[in-house]
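Number of protein chains: 2
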Amino acid sequence: MQSGADFHKRTYMKPDGRKLYLYGRQPHELPVTEELEPGPVSTPHLRWHPLRGEWVAYASHRQERTFKPPAEFCPLCPVQPGGFPGEIPFADFEIAVFENRFPAFHPGAPEAPELPIPTRPAKGQCEVVVYSSAHRGSVGELPRERRELLVRVWADRYRDLLAHDMVAFVMPFENRGEEIGVTLHHPHGQIYAFPFVPPAVAPMVAAFREGPVLSTLRERIGDAYDVAGNAHAVAFVPPCARFPSEVWLMPRAFHPGPWTFSDAETLGFADALGEVVARYDALYGRPMPYLCILYAAPKGEEDRFHFHIQFFPFLRTAERLKYLAGCEQGAGTFLVDGLPEQMAARLREVTL
Amino acid sequence: MQSGADFHKRTYMKPDGRKLYLYGRQPHELPVTEELEPGPVSTPHLRWHPLRGEWVAYASHRQERTFKPPAEFCPLCPVQPGGFPGEIPFADFEIAVFENRFPAFHPGAPEAPELPIPTRPAKGQCEVVVYSSAHRGSVGELPRERRELLVRVWADRYRDLLAHDMVAFVMPFENRGEEIGVTLHHPHGQIYAFPFVPPAVAPMVAAFREGPVLSTLRERIGDAYDVAGNAHAVAFVPPCARFPSEVWLMPRAFHPGPWTFSDAETLGFADALGEVVARYDALYGRPMPYLCILYAAPKGEEDRFHFHIQFFPFLRTAERLKYLAGCEQGAGTFLVDGLPEQMAARLREVTL
Numbered sequence: 001m002q003s004g005a006d007f008h009k010r011t012y013m014k015p016d017g018r019k020l021y022l023y024g025r026q027p028h029e030l031p032v033t034e035e036l037e038p039g040p041v042s043t044p045h046l047r048w049h050p051l052r053g054e055w056v057a058y059a060s061h062r063q064e065r066t067f068k069p070p071a072e073f074c075p076l077c078p079v080q081p082g083g084f085p086g087e088i089p090f091a092d093f094e095i096a097v098f099e100n101r102f103p104a105f106h107p108g109a110p111e112a113p114e115l116p117i118p119t120r121p122a123k124g125q126c127e128v129v130v131y132s133s134a135h136r137g138s139v140g141e142l143p144r145e146r147r148e149l150l151v152r153v154w155a156d157r158y159r160d161l162l163a164h165d166m167v168a169f170v171m172p173f174e175n176r177g178e179e180i181g182v183t184l185h186h187p188h189g190q191i192y193a194f195p196f197v198p199p200a201v202a203p204m205v206a207a208f209r210e211g212p213v214l215s216t217l218r219e220r221i222g223d224a225y226d227v228a229g230n231a232h233a234v235a236f237v238p239p240c241a242r243f244p245s246e247v248w249l250m251p252r253a254f255h256p257g258p259w260t261f262s263d264a265e266t267l268g269f270a271d272a273l274g275e276v277v278a279r280y281d282a283l284y285g286r287p288m289p290y291l292c293i294l295y296a297a298p299k300g301e302e303d304r305f306h307f308h309i310q311f312f313p314f315l316r317t318a319e320r321l322k323y324l325a326g327c328e329q330g331a332g333t334f335l336v337d338g339l340p341e342q343m344a345a346r347l348r349e350v351t352l
Numbered sequence: 001m002q003s004g005a006d007f008h009k010r011t012y013m014k015p016d017g018r019k020l021y022l023y024g025r026q027p028h029e030l031p032v033t034e035e036l037e038p039g040p041v042s043t044p045h046l047r048w049h050p051l052r053g054e055w056v057a058y059a060s061h062r063q064e065r066t067f068k069p070p071a072e073f074c075p076l077c078p079v080q081p082g083g084f085p086g087e088i089p090f091a092d093f094e095i096a097v098f099e100n101r102f103p104a105f106h107p108g109a110p111e112a113p114e115l116p117i118p119t120r121p122a123k124g125q126c127e128v129v130v131y132s133s134a135h136r137g138s139v140g141e142l143p144r145e146r147r148e149l150l151v152r153v154w155a156d157r158y159r160d161l162l163a164h165d166m167v168a169f170v171m172p173f174e175n176r177g178e179e180i181g182v183t184l185h186h187p188h189g190q191i192y193a194f195p196f197v198p199p200a201v202a203p204m205v206a207a208f209r210e211g212p213v214l215s216t217l218r219e220r221i222g223d224a225y226d227v228a229g230n231a232h233a234v235a236f237v238p239p240c241a242r243f244p245s246e247v248w249l250m251p252r253a254f255h256p257g258p259w260t261f262s263d264a265e266t267l268g269f270a271d272a273l274g275e276v277v278a279r280y281d282a283l284y285g286r287p288m289p290y291l292c293i294l295y296a297a298p299k300g301e302e303d304r305f306h307f308h309i310q311f312f313p314f315l316r317t318a319e320r321l322k323y324l325a326g327c328e329q330g331a332g333t334f335l336v337d338g339l340p341e342q343m344a345a346r347l348r349e350v351t352l
């Protein structure tokens, strides 16, 4: 048991060697109940793509991963004594984090196969972050204290994972909605710890090395694109949005990641996060399918890289999905039907 | 009417100023029938994304675009005299190409709005390529002569579009399948002529400047990854595939684009193209949803950039789609469940 100023953390080692962390405002002292059987051996590896100049991750053991189980067999639900086993073998919890059963990156990744292209072991870490013991819900519906705890959990995971020599970049994220392939409905996110700075992040690193590009952008646009916020954090539709109703959420002051937030900034960021999700769900009167990506400083970029969240929502109207097709995937250039100025106004004016 | 050695081309100006080209092995001399009413005015513009260092294309007029019309109102079908109007106002045709009614890039794009980020007019061209007058079918099911004509049409469009000063890169592609958002089922592809080298192509340009990376890769892997081919063209699963059963199709000899193919190479490439699509459709016994992207040399790279097609299929099993979620979209790193070696064997051994 480890206790910070504002949360308690209990570390539990699962029988197959994966770690489980139980975070809470209260100490977690419940007894172990029923464990899932051990997962398959993880043998991910990386291959170099010579035309794109990037690593591709291969994890064939992921083919066995859990696919939309019925609610009574949810592996993320708390497990009562004698009940159906799950990944979190305790009768209750606040927030639980555990090493992914089907990781694309793994600290014990074996040597990569020899191939006609460069390969390397997929060293790193993949974790699952379960926001609540309740099977239904969302970041927007969590109690305020729980969302604040979630920001503290992210900060703690950043600290832990960035301490590993093999890790270059840590990315918490949430895939939300069956429309974009989510197979477990229990509210949860994930964290990937990469052994390299991935291709979508490298241009951000280059931009922040040129100057404080995010705060400069924010100064230039003023509050015209704002959709949510408070004294410590602000959310806006960027004027260069690539997705319909894309939103960025940033602390008003410079921070490389949530691990340098004050208590007031932690709460302010959590509040703004909840407001963004609430506005998304109100926009079309249905839960918005989105990717929520946390961009914190890669290792060594802590003096420059301004932490923020980017939301990529996949509805372009109440009924129509945004698809990433030939232009987006083939050319890498995004086509956007709606103007950011209009989307900002709609999100700002939606009735909560 | 213009006639090449191997095809005829008729140019027709639509009432709203958009050009329509009728390509055929036979001269096209049918009279005009019924035209659709003029499309909306196109006002696309580009905005600079300061964090990703790339242009984003905004085209709000695209919100009005045609969405899964019933077959009897298909705008790509030939139009009989007195019949329901369409984009191709002729009673029959072999292959038709016309300027997109809802273009993301347009030669007459107006000045871009002034914003707190850099902007520019979205100069360029977007065309639609209709493979056949039949409402159903696919590249794989076309008669051999038609597929050969399609390769000649691509070559002709490359020549025409690359001749414009404003164009830096031309990309024919096909989005196939409702699963990836296709809204018109009539077999067709598209061509985008970009005023810049787009982000997914820039690393390829850099790679080819370093050396003949594609033919080197091909030499190193030999025929172990082959799935289709003949004396002039070969198709293989690249050992760095990012999509399940991804296939690359290339001419065996160096060519910057299909416009330098000999007649024999044109036919060989067309044959291999048909074989790849036939194998995809046989793999799971259903039409494979995919993106098919033609990568030819951007302007100025004709001595180095080896023309090829990349297919990005979206089925990872017969029933399950590959989704591009947090890791792919947020980090730009692809996670692959299946090994390229296994996928190559399956595609090679499938019963045609």
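Protein chains in written order, with this note's numbering: chain A, 1 to 352; chain B, 1 to 352. All residues carry an ideal CB built from backbone N, CA and C; glycine is no exception.
Reference residue i, options the options, closest by Cα
i: B/I180; options: A/F314, A/Y280 and A/V97; result: A/F314
i: B/A344; options: B/A241, B/P187 and B/E141; result: B/A241
i: A/C77; options: A/A59, A/F98, A/A112 and A/P199; result: A/F98
i: A/L283; options: A/A318, A/L267 and A/A270; result: A/A318
i: B/L214; options: A/L20, A/M13, A/L22 and A/H49; result: A/H49
i: A/R220; options: A/P238, A/V167, A/G229 and A/Y323; result: A/P238
i: A/P31; options: A/S245, A/F90 and A/V128; result: A/F90
i: B/D226; options: B/P69, B/A109, B/Q342 and B/A57; result: B/Q342
i: B/R348; options: B/A272, B/A296 and B/G300; result: B/A272
i: A/G357; options: A/N175, A/V128 and A/V350; result: Nothing can be reported for residue 357 of chain A, as the shown portion of chain A is limited to 1 through 352.
i: B/M288; options: B/N175, B/L324, B/E265 and B/F196; result: B/N175
i: B/V139; options: B/H306, B/G330 and B/A270; result: B/A270
i: B/V182; options: A/E178, A/R320, A/T266 and A/E37; result: A/R320
N- and C-terminal bounds of the beta strand (DSSP E) containing residue i
i: B/P195; result: Element bounds for B/P195: n/a, residue is neither H nor E.
i: B/R206; result: Reading the sequence as shown, one finds Ala at residue 206 of chain B and not Arg. First-last for B/A206: A202 to E210, but that is the alpha helix (DSSP H), not the beta strand (DSSP E).
i: A/D226; result: D226 to G229
i: A/N175; result: F169 to R176
i: A/M250; result: V247 to P251
Below-9 Å beta-carbon distance, residue i vs any chain B residue
i: A/Q125; result: no
i: A/M204; result: yes
i: A/Y21; result: no
i: A/Q26; result: no
i: A/S3; result: At A/S3 the pLDDT is 47, less than 50, meaning the model places this residue with poor confidence; the figure from the coordinates comes in the next sentence. Cβ-Cβ to chain B under 9 Å: no for A/S3.
i: A/C77; result: no
Residue-chain proximity (residue i, chain A), Cβ-Cβ < 9 Å
i: B/D337; result: yes
i: B/R220; result: yes
i: B/H49; result: yes
i: B/Q329; result: yes
i: B/I180; result: yes
i: B/M166; result: no
i: B/P256; result: no
i: B/S60; result: yes
Through-space distance from residue j to residue i, alpha-carbon basis
i: A/M1; j: A/T11; result: In this prediction, A/M1 has a pLDDT of 45, which is less than 50 and means its spatial position is unreliable; nothing more can be read from the coordinates.
i: B/F236; j: B/D165; result: 35 Å
i: B/L161; j: B/V336; result: 36 Å
i: A/F7; j: A/D263; result: 12 Å
i: B/P121; j: B/E114; result: 11 Å
i: A/V153; j: A/H28; result: 15 Å
i: B/P212; j: A/I117; result: 14 Å
i: A/S3; j: B/H308; result: Since pLDDT at A/S3 reaches only 47, below the 50 mark, its modelled position is unreliable, and the value read off the structure follows with that caveat. Using only the alpha carbons, I get a separation of about 57 Å.
i: A/A112; j: A/A57; result: 11 Å
i: B/L20; j: B/P40; result: 17 Å
i: B/E275; j: B/L249; result: 10 Å
7 Å Cβ shell around residue i - same chain, five flanking residues per side excluded
i: A/R304; result: F208 and R209
i: A/F173; result: G189, Q190, L291, C292, I293 and L294
i: A/L149; result: F7, Y23, R25, E94 and I95
i: A/H186; result: C74, L76, C77, V130 and H135
i: A/T333; result: C327
Residue range of the unbroken alpha helix (DSSP H) whose run includes residue i
i: A/G268; result: D263 to L283
i: B/A344; result: P340 to E349
i: A/W154; result: R144 to L162
i: B/E219; result: V213 to I221
Residues near residue i by beta carbon distance below 8 Å, same chain, minus five either side
i: B/Q125; result: E99, P103, F105, H106, P107, L161, H164, V167, I191, Y192 and A193
Neighbourhood of residue i by C-beta, 6 Å cutoff - its chain only, sequence neighbours within 5 removed
i: A/S133; result: P78, D92 and F93
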